[in-house]
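Undergrad: First, the structure itself, so that you have it in front of you.
Structure, rendered in structure tokens:
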């Protein structure tokens with residue numbers, strides 16, 4: 001049993017890093033690591049995959065490191081369409097067994113006090129050490145000696161610690177205290193009040209808060225107020241005195257002094273600077289927008305299937321990662337701004353609102369061109385946005401003429417079907433290219449809904465049953481699914497319904513399947529790829 005008092009080196013111990021590799025894998029090139037007489041540590045810095053050891057499979061991701069004993073064969077592979085970066089370290093552990101005035105004797109340690117999949121509690125700390133080991137690897141003898149210290153520190157960070165975990169009810173109460181700060185930040189907030197909400201003693205609450213959030217409660221409250229002030233300054237033309245009052249400062253001069261001390265400029269200057277060099281998007285669509293504007297973010301949400309963009313992101317954020325992981329990554333990156341959609345704005349402010357101002361880009365209220373223009377204004381890239389729109393319109397005009405000459409004036413239905421869900425898409429997202437770019441007609445049933453709204457806004461999709469797809473009569477039917485197997489299953493199910501064979505698209509053999517991953521993203525680079533695909537399908541004989 002591993003106890004809290006155990007350490008990786010309970011008695012004087014030496015570490016010898018016998019080999020270090022930073023390997024990069026793709027799905028076509030798995031890696032086999034043959035058995036060795038050394039311990040092995042694997043740390044993922046990018047991507048996802050799996051590891052097979054003695055017929056047991058471990059997931060490879062940035063959330064866990066993997067530590068294994070000697071004499072094991074390891075087989076690593078990357079997820080499809082993703083590159084996997086793994087730091088592979090082999091090492092020896094030597095324990096002091098005897099000592100005298102003239103010498104010390106060490107013996108090999110045959111087993112480690114822990115092994116297997118180890119949760120990474122300090123992601124930024126581990127990645128910092130991996131970067132250092134990568135550098136040491138190329139620094140000759142001095143670097144070789146430094147590897148040992150990095151390895152020791154890495155194993156200490158990974159060592160399981162028997163930290164008392166809060167019961168779920170107490171953890172919920174702690175979160176309620178965070179909710180309270182988010183709601184009442186513009187009013188006086190007392191430590192005793194926060195501790196009472198969390199149901200713990202004030203001194204323990206302060207300790208717990210620092211452990212969870214990385215800063216003291218008063219520092220967190222101040223950071224929330226200042227970042228909310230930044231949000232107002234960025235989004236409005238309000239006077240500094242009004243901004244100060246909105247974030248809890250009655251004295252605008254005190255607020256201005258605090259602001260300048262923390263950020264180096266007065267609020268009135270901050271309003272005018274409009275030069276945010278470190279913007280982190282928490283939606284892949286906005287990552288795409290930034291790259292379209294020739295802006296490479298320090299960290300950004302990524303998604304599979306768009307390697308041309310995601311491989312260039314220094315610190316990738318994955319959708320499945322916890323907010324704790326995102327918080328730690330953003331603490332490392334220290335962004336000027338975080339941009340997100342409305343659907344996660346509350347979570348973003350709760351988890352990272354003390355790190356940077358959270359700017360919400362209205363998702364349904366604006367179309368893709370509105371999103372691009374707003375983001376361009378934030379980062380002072382309005383000309384880049386204008387240039388892209390102009391070039392894109394030329395591509396659209398050319399594609400529209402090709403489709404009109406081949407397919408003519410036709411109607412199209414776009415339906416996404418996955419699991420038990422079924423959606424008919426309007427003139428944004430998956431429908432943008434068909435309805436707005438190529439000028440094809442929606443089915444009458446959908447057109448009556450779109451008529452009452454500005455193009456590309458408000459209506460994303462309509463929830464329907466699979467059978468009711470057949471009520472949307474059109475010349476073409478595009479079925480979007482998450483896999484080829486799901487596409488076959490949905491088509492087989494559709495063929496059992498009475499209206500299938502009488503649907504115009506079925507009668508004219510104009511039913512096509514599309515892959516969800518290639519059509520779900522509503523952003524500049526994505527719609528240009530979709531435009532090419534749609535043009536190809538509609539113009540082929």
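Residue numbers (full-length UniProt numbering): 1 to 541.
Every residue gets a Cβ at the ideal spot worked out from N, C-alpha and C, and that includes glycine.
How is residue 495 classed by DSSP in three states: helix, strand or coil?
TA: Correct three-state label for residue 495: coil.
Undergrad: If I follow the unbroken alpha helix (DSSP H) through residue 396, where does it start and stop?
TA: Run containing residue 396: 382-406, per the alpha helix (DSSP H) assignment.
Undergrad: Under 6 Å Cβ to Cβ from residue 259, same chain only, skipping five residues before and after it: list those, please.
TA: Taken in chain order, the residues that qualify are 267.
Undergrad: Taking residue 353 as the reference, which of 482, 326, 134 has the closest Cα?
TA: Out of 482, 326, 134, 326 has the C-alpha closest to the C-alpha of residue 353.
Undergrad: Grouping DSSP H, G and I as helix and E and B as strand, with all else coil, what is residue 528?
TA: It is helical.
Undergrad: For residue 201, I'd like the list of residues in its chain whose CB is within less than 7 Å of its CB, leaving aside the five on either flank, ordered along the chain.
TA: Excluding residues within five positions, the ones whose Cβ falls inside 7 Å are 195.
Undergrad: Would you kindly work out how many angstroms separate the C-alpha atoms of residue 365 and residue 28, rounded to a whole number?
TA: If you take the alpha carbons of residue 365 and residue 28, they lie about 42 Å apart.
Undergrad: With a threshold of 16 other CB atoms inside 10 Å of the CB of residue 372, please say whether the residue is buried or exposed.
TA: Residue 372 comes out buried.
Undergrad: Give the secondary structure of residue 65 by DSSP, where H, G and I count as helix, E and B as strand, and everything else as coil.
TA: In this structure, residue 65 counts as strand in the three-state DSSP scheme.
Undergrad: Report the three-state DSSP secondary structure of residue 265 (helix, strand or coil).
TA: Reduced to three states, the DSSP call for residue 265 is coil.
Undergrad: If we call anything under 9 Å between Cβ atoms a contact, is residue 462 one with residue 449?
TA: Yes, Cβ-Cβ distance for residue 462 and residue 449 is below 9 Å.
Undergrad: Along the chain, where does the beta strand (DSSP E) containing residue 226 start, and where does it finish?
TA: Where residue 226 is concerned, there is no enclosing beta strand (DSSP E), although the alpha helix (DSSP H) it sits in stretches over 217-235.
Undergrad: Among 476, 300, 286, whose alpha-carbon lies nearest the alpha-carbon of residue 376?
TA: Checking every option, the nearest Cα to that of residue 376 belongs to 286.
Undergrad: Considering only the alpha carbon of each residue, which of 49, 104, 98, 70 lies closest to residue 78?
TA: Residue 78 has its Cα closest to that of 49, out of 49, 104, 98, 70.
Undergrad: Quick check: the stretch 333-340 against the stretch 278-298, are at least 3 beta-carbon pairs closer than 8 Å?
TA: Contact between the stretch 278-298 and the stretch 333-340 is present, because at least three Cβ pairs lie under 8 Å.
Undergrad: Which partner residues does residue 549 have in the DSSP bridge list?
TA: Any property of residue 549 remains undetermined from this structure, which presents the chain solely from 1 to 541.
Undergrad: Among 98, 62, 95, 447, which residue has its Cα nearest to the Cα of residue 84?
TA: Nearest C-alpha to residue 84: 62.
Undergrad: What does DSSP give as the partner residues of residue 19 in its beta bridges?
TA: Its beta-bridge partners are 90.
Undergrad: Can the beta-carbon of residue 15 be found less than 9 Å from the beta-carbon of residue 123?
TA: No, these two residues do not count as a Cβ contact at 9 Å.
Undergrad: In or out: residue 243 buried (at least 16 other Cβ within 10 Å) or exposed?
TA: That one is buried.
Undergrad: Straight-line CA distance for residue 163 to residue 70?
TA: Residue placement at residue 163 is poorly supported in this model, since its pLDDT is 41, which falls under 50; the coordinates still yield a value, given next. Answer to the nearest angstrom: the Cα atoms are 29 Å apart.
Undergrad: Just the C-alpha distance for residue 159 and residue 331, rounded to the nearest angstrom, thanks.
TA: So the two alpha carbons sit approximately 22 Å from each other.
Undergrad: Could you check where the alpha helix (DSSP H) with residue 241 kicks off and where it finishes?
TA: Residue 241 -> alpha helix (DSSP H) spans 240-246.
Undergrad: Could you check if residue 104 is buried or exposed, using at least 16 other CB atoms within 10 Å of its CB as the buried criterion?
TA: With fewer than 16 Cβ atoms within 10 Å of its Cβ, residue 104 is classed as exposed.
Undergrad: Cβ of residue 429 within 9 Å of Cβ of residue 522?
TA: In this structure, residue 522 lies closer than 9 Å to residue 429 by Cβ.
Undergrad: Report all residues from its chain with a CB closer than 8 Å to the CB of residue 191; omit the five preceding and five following residues, and keep chain order.
TA: So the list reads 202, 205, 206, 217, 218, once near-sequence residues are dropped.
Undergrad: Taking the alpha carbon of residue 418 as the point to measure from, which residue in 361, 464, 209 has its own alpha carbon closest?
TA: Nearest option by C-alpha distance: 464.
Undergrad: How far does the beta strand (DSSP E) with residue 104 in it reach, from first residue to last?
TA: Looking at the DSSP string, the run of the beta strand (DSSP E) that includes residue 104 is 104-108.
Undergrad: Alpha carbon to alpha carbon, how far is residue 478 from residue 380?
TA: Residue 478 and residue 380: Cα-Cα distance of roughly 38 Å.
Undergrad: Run the CB neighbour count on residue 254, radius 10 Å, all protein chains shown included, and call it buried at 16 or more, exposed below.
TA: Under this definition residue 254 is an exposed residue.
Undergrad: By Cβ distance below 6 Å, which residues in the same chain neighbour residue 98 in space, the five residues on each side in sequence not counted?
TA: Closer than 6 Å at Cβ, skipping near neighbours: 105.
Undergrad: Does the Cβ of residue 362 have 16 or more other Cβ atoms within 10 Å, making it buried, or fewer, making it exposed?
TA: When all chains shown are included, residue 362 counts as exposed.
Undergrad: Taking residue 481 and residue 513 to be in contact with their CB atoms under 8 Å, please state how far apart those CB atoms are, rounded to whole angstroms.
TA: That pair is a contact at about 6 Å.
Undergrad: Out of 507, 470, 485, state which residue places its alpha-carbon closest to the alpha-carbon of residue 414.
TA: If we check each option's Cα against that of residue 414, 470 comes out closest.
Undergrad: Is DSSP giving residue 52 helix, strand or coil here?
TA: Correct three-state label for residue 52: strand.
Undergrad: Measuring straight from C-alpha to C-alpha, what distance separates residue 498 and residue 398?
TA: Going from the Cα of residue 498 to the Cα of residue 398 covers about 39 Å.
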